[in-house]
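So the structure is just underneath, and the comments pick up after that.
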Amino acid sequence: MSVPMNEAFEFDGRERAMIRAIELFRMKADECEHRAKHTINKSEQAELVDMCAEFHWLSGEAARLQNRITQLDASRMSAIDGRITPASAAPQALIP
(Lines of atoms letter the chains of each structure in order from A; the text may use other names.)
(Lines give C-alpha, C1' and ligand atoms only; values in the text may rest on other atoms or scores of the structure.)
Protein backbone atom coordinates (compact mmCIF):
# COMPACT_ATOMS: atom_id res chain seq x y z
CA MET A 3 0.00 0.00 0.00
CA SER A 4 1.42 3.40 -0.91
CA VAL A 5 0.60 6.98 -0.04
CA PRO A 6 -1.23 8.73 -2.89
CA MET A 7 1.09 11.15 -4.66
CA ASN A 8 -1.15 14.17 -4.05
CA GLU A 9 -1.31 13.40 -0.29
CA ALA A 10 2.48 13.14 -0.05
CA PHE A 11 2.86 16.40 -2.00
CA GLU A 12 0.36 18.22 0.25
CA PHE A 13 2.19 17.06 3.38
CA ASP A 14 5.49 18.22 1.93
CA GLY A 15 4.01 21.69 1.29
CA ARG A 16 2.60 21.90 4.81
CA GLU A 17 5.92 20.79 6.28
CA ARG A 18 7.76 23.50 4.34
CA ALA A 19 5.21 26.07 5.55
CA MET A 20 5.73 25.00 9.17
CA ILE A 21 9.51 25.19 8.83
CA ARG A 22 9.15 28.65 7.26
CA ALA A 23 6.98 29.71 10.22
CA ILE A 24 9.67 28.51 12.64
CA GLU A 25 12.27 30.52 10.71
CA LEU A 26 9.99 33.58 10.78
CA PHE A 27 9.54 33.34 14.58
CA ARG A 28 13.32 33.15 14.99
CA MET A 29 13.89 36.13 12.67
CA LYS A 30 11.31 38.21 14.57
CA ALA A 31 12.99 37.26 17.87
CA ASP A 32 16.35 38.39 16.50
CA GLU A 33 14.77 41.62 15.23
CA CYS A 34 13.23 42.36 18.66
CA GLU A 35 16.54 41.63 20.36
CA HIS A 36 18.39 43.97 17.99
CA ARG A 37 15.83 46.75 18.53
CA ALA A 38 15.98 46.25 22.31
CA LYS A 39 19.76 46.69 22.30
CA HIS A 40 19.41 50.01 20.48
CA THR A 41 16.47 51.41 22.46
CA ILE A 42 17.08 54.00 25.16
CA ASN A 43 13.59 53.92 26.71
CA LYS A 44 13.73 51.23 29.43
CA SER A 45 10.00 50.51 29.28
CA GLU A 46 10.13 49.93 25.52
CA GLN A 47 13.30 47.89 25.93
CA ALA A 48 11.61 45.63 28.49
CA GLU A 49 8.64 45.13 26.16
CA LEU A 50 10.93 44.22 23.25
CA VAL A 51 12.89 41.74 25.38
CA ASP A 52 9.60 40.16 26.50
CA MET A 53 8.44 39.89 22.89
CA CYS A 54 11.80 38.38 21.94
CA ALA A 55 11.38 35.68 24.59
CA GLU A 56 7.86 34.91 23.38
CA PHE A 57 8.99 34.60 19.75
CA HIS A 58 11.76 32.22 20.84
CA TRP A 59 9.20 30.20 22.83
CA LEU A 60 6.84 30.08 19.84
CA SER A 61 9.61 28.89 17.51
CA GLY A 62 10.50 26.14 19.99
CA GLU A 63 6.88 25.04 20.33
CA ALA A 64 6.41 25.03 16.55
CA ALA A 65 9.59 22.96 16.12
CA ARG A 66 8.46 20.53 18.83
CA LEU A 67 5.07 20.10 17.16
CA GLN A 68 6.70 19.62 13.75
CA ASN A 69 8.85 16.86 15.26
CA ARG A 70 5.72 15.15 16.58
CA ILE A 71 4.12 15.37 13.13
CA THR A 72 7.28 13.98 11.52
CA GLN A 73 7.40 11.08 13.98
CA LEU A 74 3.73 10.25 13.45
CA ASP A 75 4.21 10.33 9.69
CA ALA A 76 7.29 8.11 10.00
CA SER A 77 5.31 5.64 12.13
CA ARG A 78 2.52 5.63 9.55
CA MET A 79 5.02 5.00 6.74
CA SER A 80 6.65 2.14 8.66
CA ALA A 81 3.22 0.56 9.21
CA ILE A 82 2.59 0.76 5.46
CA ASP A 83 6.03 -0.52 4.46
CA GLY A 84 7.74 -2.74 7.05
CA ARG A 85 11.15 -2.04 5.49
CA ILE A 86 11.03 1.58 6.69
CA THR A 87 11.89 2.24 10.31
CA PRO A 88 10.44 5.31 12.04
CA ALA A 89 13.93 6.70 12.61
CA SER A 90 14.86 6.54 8.91
CA ALA A 91 11.54 7.51 7.36
CA ALA A 92 11.82 11.29 7.67
CA PRO A 93 14.26 13.82 9.12
CA GLN A 94 13.14 15.77 12.16
CA ALA A 95 12.79 19.54 12.28
CA LEU A 96 15.54 21.36 14.12
CA ILE A 97 14.77 22.30 17.70
CA PRO A 98 16.56 25.41 18.95
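Residue numbers (the working numbering): 3 to 98.
C-beta: ideal position from N, C-alpha, C; glycine also.
Check	Outcome
Whole angstroms are fine: how far does the CA of Thr41 sit from the CA of Glu17?	36 angstroms
Could you tell me the distance, in whole angstroms, from the CA atom of Val51 to the CA atom of Ser80?	43 angstroms
Taking the beta carbon of Ala65 as the centre, do at least 16 other beta carbons fall within 10 Å, making it buried, or is it exposed?	buried
At the level of alpha carbons, what is the spacing between Ala55 and Ala31?	7 angstroms
Report, in whole angstroms, the separation of the C-beta atoms of Ser61 and Arg28, which I expect to be a contact under 8 angstroms.	5 angstroms
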